[in-house]
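These notes are about the structure you will find just below.
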Amino acid sequence: MKKTSLIKKFEVFEKEFHEISNSIMHTNILSNQYKILLKKYKKLEKIVNIYNSYKEKLISLQEANSILETDSDPEMKEMAYLEKHKILEDLSFLEKKSQDILFPIFSSSTTDTEEKKTEDYRNAIVELRSGTGGDEACLFVEDILRMYVLYFKQVGWKYEIIHAHKGSTNKGYKEIILDVRGKNERKEVYGNLKFESGVHRVQRIPKTESQGRVHTSAITVAVLPEVEDIDVNLNCSDIKKETFRSSGAGGQHVNKTESAVRLTHIPSKITVECQEGRSQHKNFEKAMNVLRSRIYQNEKEKKLKERSIKRKCLVSTGDRSVKIRTYNYPKNRVTDHRIHKSIYDLVGFMNGNIQKMIDLLKLDLDENNKIHK
2 MKKTSLIKKF EVFEKEFHEI SNSIMHTNIL SNQYKILLKK YKKLEKIVNI YNSYKEKLIS
62 LQEANSILET DSDPEMKEMA YLEKHKILED LSFLEKKSQD ILFPIFSSST TDTEEKKTED
122 YRNAIVELRS GTGGDEACLF VEDILRMYVL YFKQVGWKYE IIHAHKGSTN KGYKEIILDV
182 RGKNERKEVY GNLKFESGVH RVQRIPKTES QGRVHTSAIT VAVLPEVEDI DVNLNCSDIK
242 KETFRSSGAG GQHVNKTESA VRLTHIPSKI TVECQEGRSQ HKNFEKAMNV LRSRIYQNEK
302 EKKLKERSIK RKCLVSTGDR SVKIRTYNYP KNRVTDHRIH KSIYDLVGFM NGNIQKMIDL
362 LKLDLDENNK IHK
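Following my numbering, the numbering of the sequence shown begins with 2 at its first residue and continues without gaps.
Structural data, given as structure tokens:
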């Protein structure tokens, strides 16, 4: 990024920082507005502090250049040269540091493109569900779950199972929901995983197939950006809470107490269950997290339809005909149909080596954006 472009960005955020600072000082501000403004204030404060350091370094750089150009003392020139070298290193460090903070910042004046970039830096809710294929589809859900878990380990992300529903033969999963979290502000969890949303088709010989025939099954993957309280306003009166005993493994405590929670958002009829934890309170918090994300996604899709955007972000059906990716075991091949790209290392891919495909999808998206601009 050029220095002039970076300074312009700094100036925009500095102006907003001072405006928010003045707004916070007003005593008549509402509690909910205060929370939103305070969150923005803290993020912008980091940028303003970097900008102040950046300006100081630029002044010092001018002074060093002035000595090098005008001073005749060799010792002074040598000192100025060393100082200039150190200042340039400091400026480079501050520029890199500003990049890490500038991109995730959410401003009230962000455009749709900027909002999407900001959304990319959120944590994610990942939902896997079996589609066509019966028990084989349930087993493939488990295989894809393992693939993602190995990928999370590679990139240093943490995950937690929010809800799990075993298959009919107690093998594989009919449904499993994960809460995936990165380590720092530049985690880009949703920004990477969002490309996984859609129907994943598998072609292989099931273990139960005695005649060696290749079967085709499908599962769906839905990836939602994690949403905070300030993103979605939920009224308690709109939420129906039910508690019940967990049906999964977990010992006597989990199975004999009503620790499981089911939440229903009455206006949208969205229902969420969480039964993995021993505490009803923690299960409630996790369920609310998923509920907010689903409602946020619903509202987002409505907005996209209103703007006549034809591409759907998520696929809600398990029909094999609308697949985004095929995993062909006999040919050791994984193919992404959106970019017509095949990788002939299915074993490695299923062991979590999926970043190459994600990067190709990102590149294709960038190219399409350039074409349509």
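All C-beta atoms, glycine included, are put in the ideal place defined by N, C-alpha and C.
- Spanning the alpha carbons of F196 and M289 requires a straight line of approximately 24 Å.
- Of the candidates F14, V13 and K40, the residue whose Cα lies closest to the Cα of I25 is K40.
- The beta carbon of D72 sits closer than 8 Å to the beta carbons of K78 and A81 from its chain, once the five residues preceding and following it are set aside; these are given in chain order.
- Taking 9 Å as the cut-off, the Cβ atoms of T327 and V203 count as close.
- With contacts defined as CB atoms closer than 9 Å, L38 and F14 fail to qualify as a contacting pair.
- For G192, the CB contacts under 7 Å within the same chain, skipping 5 residues up- and downstream, are D121 and Y122 in chain order.
- In the structure shown, Q356 falls within a helical segment according to DSSP collapsed to helix, strand and coil.
- For the pair P226 and G199, the Cα-to-Cα distance works out to about 15 Å.
- Rounded to the nearest angstrom, the Cβ distance from I220 to I162 is 17 Å, too far for a contact under 8 Å.
- If the five residues before and after E64 are omitted, its C-beta is found closer than 7 Å to no C-beta atom of its own chain.
- Selection D239, Y55, L92 and K98 evaluated against I296 yields D239 as nearest (Cα-Cα).
- The alpha-carbon separation between D365 and H341 amounts to approximately 11 Å.
- For T71, the three-state secondary structure derived from DSSP is helix.
- Bridge partners of N329 according to DSSP: Q204 and R334.
- By the criterion of a C-beta distance shorter than 8 Å, E70 is surrounded by no residue of its chain, once the five residues flanking it on both sides are discounted.
- In the displayed model, R130 falls within a strand according to three-state DSSP.
- Nearest in C-alpha terms to E128, of all of V273, S211, N53 and V215, is V273.
- When C-alpha distances from V156 are compared across K303, G353 and K87, the shortest belongs to G353.
- According to DSSP, residue pairing for C237 in a beta bridge does not occur.
- Linking V49 to F18 through their CA atoms gives a straight-line distance of about 8 Å.
- When DSSP states are grouped into helix, strand and coil, H341 belongs to the coil group.
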